[in-house]
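Taking it in order: structure first as structure tokens, then the write-up.
In my numbering, the protein residues as written are 135 to 299.
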């Protein structure tokens, strides 16, 4: 199974491609799409879309795991991230990639085994599961890899297969 994890944003979009075979994870590629703050917002969305398309062309993934949004404070930021997330979902849809969405709680549960785990715990477990020397930077990239791991664990479960029928 080859999965692309995405941590959506408009300044930084973390992405990570993970291979999962025989209960073993292997990082295939990861990084971040960045857009400068001074760039007009619609141009930033175009950059995100174009770079997502390029990533999806480069890696023949079987699915895309995207974090759902949860905002309690800044409505302006929530709207901008939502628009960037929409562009990301559209890129996946246009490339015919199945899209799966996970909450931060689901990611923590799947990666660490505890839904209330601290961010540092998730990042360290992601590093260990992927056999990396250090946690990828920026944090958005590590979060994206955790999303891919979450989907691999979830998609491999019997309950997931039953619910998808």
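Backbone N, C-alpha and C fix where the C-beta goes; we use that ideal spot for every residue, glycine too.
For the alpha helix (DSSP H) containing residue i, name the first residue and the last one.
i: residue 151; result: Segment 146 to 155 is the beta strand (DSSP E) holding residue 151; no alpha helix (DSSP H) there.
i: residue 259; result: 253 to 264
Taking all protein chains shown into account, decide if residue i is buried (16 or more other Cβ within 10 angstroms of its Cβ) or exposed.
i: residue 202; result: exposed
i: residue 219; result: buried
i: residue 144; result: buried
i: residue 185; result: buried
i: residue 148; result: buried
From the DSSP output, in three-state form, read off residue i for me.
i: residue 213; result: helix
i: residue 200; result: strand
i: residue 267; result: coil
i: residue 139; result: strand
i: residue 293; result: For residue 293, the predicted structure reports a pLDDT of 49, less than 50, and the residue's modelled location is therefore unreliable. A value from the coordinates is still provided. Here residue 293 sits in helix by DSSP.
i: residue 172; result: coil
i: residue 229; result: coil
i: residue 220; result: helix
i: residue 191; result: helix
i: residue 248; result: coil
Using 8 angstroms as the threshold, is the C-beta distance between residue i and residue j below it?
i: residue 182; j: residue 166; result: no
i: residue 278; j: residue 163; result: no
i: residue 142; j: residue 150; result: no
i: residue 256; j: residue 242; result: yes
i: residue 231; j: residue 200; result: no
i: residue 226; j: residue 137; result: no
i: residue 175; j: residue 214; result: yes
i: residue 284; j: residue 245; result: yes
i: residue 135; j: residue 280; result: no
i: residue 152; j: residue 282; result: yes
Since residue i is in the beta strand (DSSP E), which residue starts that stretch and which ends it?
i: residue 162; result: 158 to 168
Looking only at DSSP bridge pairs, what is residue i linked to?
i: residue 111; result: In this structure the chain extends from 135 to 299, so residue 111 is not present and cannot be described.
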